[in-house]
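The structure appears below as structure tokens.
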Amino acid sequence: MLNGFFETLTEQFILNFIDGGRWKFIANGLVVTLKVTLFAAALGIAIGFIVAFVRTTHDKTGGFKIMNVICKAYLTVIRGTPVVMQILIIYFVIFGSVNIDKTFVAIIAFGINSGSYVAEIARSGIMSVDNGQFEAGRSLGFNYVQMMWRIIAPQAFKNVLPALCNEFITLLKETSVCGYIALQDLAKGGDIIRSVTYSPFMPLISVALIYLALVTLFTFLTGKLERRLRDSERRFYN
Amino acid sequence: MNGDFIIEAINVTKRFGKIKAVDGVSAGIAKGETLVIVGPSGSGKSTFLRCLNMLETPESGTVLFNGVDITSKKIDINLYRQKIGMVFQHFNLFPHMTVLKNMTAAPMKLQKKKESDAVEKAMALLSRVGLADRALAYPYQLSGGQKQRVAIVRALCMEPEVMLFDEPTSALDPEMVGEALDVMKDLARGGMTMAVVTHEMNFAREAASRVIFMDEGKIVEENSPDNLFAAPASPRLKSFLAKIL
Ligand SMILES: Nc1ncnc2c1ncn2[C@@H]1O[C@H](COP(=O)(O)OP(=O)(O)OP(=O)(O)O)[C@@H](O)[C@H]1O
Ligand SMILES: [Mg+2]
Chain Z
427 MLNGFFETLT
437 EQFILNFIDG
447 GRWKFIANGL
457 VVTLKVTLFA
467 AALGIAIGFI
477 VAFVRTTHDK
487 TGGFKIMNVI
497 CKAYLTVIRG
507 TPVVMQILII
517 YFVIFGSVNI
527 DKTFVAIIAF
537 GINSGSYVAE
547 IARSGIMSVD
557 NGQFEAGRSL
567 GFNYVQMMWR
577 IIAPQAFKNV
587 LPALCNEFIT
597 LLKETSVCGY
607 IALQDLAKGG
617 DIIRSVTYSP
627 FMPLISVALI
637 YLALVTLFTF
647 LTGKLERRLR
657 DSERRFYN
Chain W
990 MNGDFIIEAI
1000 NVTKRFGKIK
1010 AVDGVSAGIA
1020 KGETLVIVGP
1030 SGSGKSTFLR
1040 CLNMLETPES
1050 GTVLFNGVDI
1060 TSKKIDINLY
1070 RQKIGMVFQH
1080 FNLFPHMTVL
1090 KNMTAAPMKL
1100 QKKKESDAVE
1110 KAMALLSRVG
1120 LADRALAYPY
1130 QLSGGQKQRV
1140 AIVRALCMEP
1150 EVMLFDEPTS
1160 ALDPEMVGEA
1170 LDVMKDLARG
1180 GMTMAVVTHE
1190 MNFAREAASR
1200 VIFMDEGKIV
1210 EENSPDNLFA
1220 APASPRLKSF
1230 LAKIL
């Protein structure tokens, strides 16, 4: 009975991954998923910190009035709509008439989406920097932008690094909806195998396990980073 | 208007909501003098000091720096702040930079000094306060007294014409107060123009050219340190001195 189970498992494995080199759907999909996640995360951090900069500057000095309105609209729209709709609209509406690389579209879409969440994280990071740092910067004669860039941003970034890692993990899972624009990421790769072999168990469970492994790995790394930051924190501010 | 004042406040008022933190204060700091400001907690000393470099924007009144109205919206306040050094109670060193970087960042970025020149100047100042060997340390690796000495020389790196100190020793352990005060006395003797808010009456006695006593946002009494401490005129100063001495 147990023997039979393993036999089926082996058969299943050969059918889904070995025959026809189907494992390549998984491997190539994994590369796409990691590529989209990494670049979208970088884009999201850039957008998020710029938006946070505009928003906090507006709060603190009243400047950037128009930019602030634009940023607020961006946050409302992006956080208020599903990411699937965003990627569909970007692919079929905005880039509908041009032939464009789907990976690129996914990076743009998820970057814009993630940016709206990073913006709030970055904002709390900037707010968490001691007011004395702003004052010391100003008293030396730095203008607002110089001060934010050289003095505040590095400290804010360090303060929110763990939260940014969590956003990265969320993003990794969210990219699994890339299939909506027929981009062959990891999730889509498993689904393609399923549709060819008509055997859903092996490919779908495998893909889920790969996501789980990635998330576990990044969670572990985040925890390690967090502990290191906490240790240095103790020295940092005393 | 006295032409010799580096900074002069004229009828400066600053309110926080209903509280009048500074209430029509006029005072000047003449070149080379050490003005000490004393007074009870909440009397507006810090707020007044912060009005002098526009960290607080006065509601009314004028602040002149070498005769230029720096409360004016037409001037670039950042250029004037480069000439007005400030030292804070809690040091406010930049934790992500070494001591040396703390000191050279502003001169290099704002005064376009060459790195070698900025470093040379910083090292000379560090030697002067006995911290040359700590140049590559991070702030967390310093004691409170060392941090405050670094904060002082960081401000000096910009070659300011006047230095403002807001209770520079209040956050220090008692055994470290002396080392910070020594640096300040040394500066005063060297002819630096300074305004110092402090509760260290011995420092006022030794180093002040003039002492201002503030209460409830106003200057109540102003005199040479000898006269102010020996013969306080107002009852409020008398009771303040009785409490603090
Ligand atoms: N940013 C602020 N917002 C609101 N109220 C403030 C602010 N800063 C100062 N105040 C108030 O203004 C008054 C004067 O404060 P200030 O800090 O200038 O006094 P101080 O003489 O420096 O006192 P201390 O010796 O405790 O430092 C106080 O009543 C204080 O509560
Ligand atoms: Mg004060």
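As they're listed, the protein sequences go chains Z and W.
To convert a position in the first sequence, counted from 1, into the working numbering, add 426.
To convert a position in the second sequence, counted from 1, into the working numbering, add 989.
Ideal Cβ positions, reconstructed from N, Cα and C, are used throughout, including at glycine.
Query	Result
Residues near W:Glu1104 in its chain [Cβ-Cβ closer than 8 Å; skip 5 each side]	Thr1093 and Met1097
Contact list for the region 1077-1097 of chain W against chain Z, Cβ threshold 7 Å	Phe1077, His1079, Asn1081, Phe1083, Pro1084, His1085, Ala1094 and Ala1095
Option in Z:Trp449, Z:Gln438 and Z:Thr459 with minimal Cα separation from Z:Ala613	Z:Thr459
Straight-line gap, W:Asp1106 to Z:Gly506 (C-alpha atoms, nearest Å)	53 Å
Z:Ile526 (DSSP reduced to helix, strand or coil)	coil
Under 8 Å between C-beta atoms of Z:Thr601 and Z:Asp611	yes
Boundaries (first-last residue) of the alpha helix (DSSP H) holding W:Ala964	No information on residue 964 of chain W is available, as it lies outside the stretch 990 to 1234 that chain W covers here.
Neighbour-count burial assignment, W:Ala1177, 16 or more Cβ in a 10 Å radius	buried
Residue interval of the alpha helix (DSSP H) (run including W:Ala1121)	Counting along the chain, W:Ala1121 falls outside any alpha helix (DSSP H), and DSSP gives it neither H nor E.
Reference W:Met1165, options W:Ala1184, W:Glu1189 and W:Phe1054, closest by Cα	W:Glu1189
Z:Gly579, buried or exposed, once every other Cβ within 10 Å from all chains shown has been counted against 16	Residue identity differs from the one stated: residue 579 of chain Z is Ala in this sequence, not Gly. It counts as buried.
Proximity of Z:Asn585 and Z:Gly551 at Cβ, strictly below 8 Å	yes
Which residues DSSP lists as bridging W:Ile1066, in chain order	W:Ile1066 pairs with nothing; no bridge assigned.
Minimum Cβ-Cβ distance from W:Leu1044 to chain Z less than 8 Å	yes
Residue range of the alpha helix (DSSP H) that includes W:Lys1102	First-last for W:Lys1102: undefined, no H or E at that position.
DSSP state of Z:Gly649 mapped onto helix, strand, coil	helix
Boundaries of the alpha helix (DSSP H) in which W:Asn1191 is found, first to last residue	Met1190 to Ala1196
Continuous beta strand (DSSP E) stretch holding W:Ser1049: start and end	Ser1049 to Phe1054
Where W:Met990 falls, given that 16 or more other Cβ within 10 Å makes a residue buried	Confidence at W:Met990 is low in this model, with a pLDDT of 45, below 50, so its placement is unreliable and no value can be given for it.
Cβ-based contacts, 8 Å cut-off: residues of the region 1178-1192 of chain W near chain Z	none
As assigned by DSSP and simplified to three states, the class of Z:Thr601	helix
Burial state of Z:Thr645, where buried means 16 or more other Cβ atoms lie within 10 Å	exposed
Near-chain W residues of the region 458-474 of chain Z - C-beta to any C-beta below 9 Å	none
Cβ distance (whole Å) where W:Met1147 is taken to contact Z:Leu566 below 8 Å	6 Å
Beta-carbon proximity of W:Val1047 to W:Lys1007, cut-off 8 Å	Inspection of the sequence shows that residue 1047 of chain W is occupied by Pro rather than by Val. Not a contact, by the Cβ cut-off of 8 Å.
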